[in-house]
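> Numbering (our numbering), first residue to last: 588 to 686.
A virtual CB, placed ideally from N, CA and C, is assigned to each residue, including glycine.
The structure presented is a predicted model; accordingly, all values stated were derived computationally and were not measured.
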């Protein structure tokens, strides 16, 4: 049982690291400084209304920080619909890659 709790805590910490990185990229690199970025905030359309270049910068920022290339075919509206959805997607990608 202790091993399971350790794994769960590690996964939670990794997700928090991804969440922090996503929010830092949005605030610093994409200039949404000082803006509240809740998980349900849309990345596309309303909310942040990121364009394709902004989305590319977000993805490449995560790739550089965590040393893992995300396959372009996995990216789309369903994986980038909101801040939280993208965090969950990026975290799952990193876990699957053993990062």
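Does the Cβ-Cβ distance between residue 677 and residue 609 come in under 8 Å?
Closer than 8 Å, so yes.
> How long is the line joining the alpha carbons of residue 674 and residue 632, rounded to whole angstroms?
Going by the C-alpha atoms only, they are around 18 Å apart.
> DSSP on residue 629, reduced to helix/strand/coil?
It is a strand residue.
> Rounded to a whole number of angstroms, what is the C-alpha to C-alpha distance between residue 665 and residue 686?
Using only the alpha carbons, I get a separation of about 23 Å.
> What do you reckon, are the CB atoms on residue 630 and residue 670 nearer than 8 Å?
Taking 8 Å as the Cβ cut-off, residue 630 and residue 670 qualify as a contacting pair.
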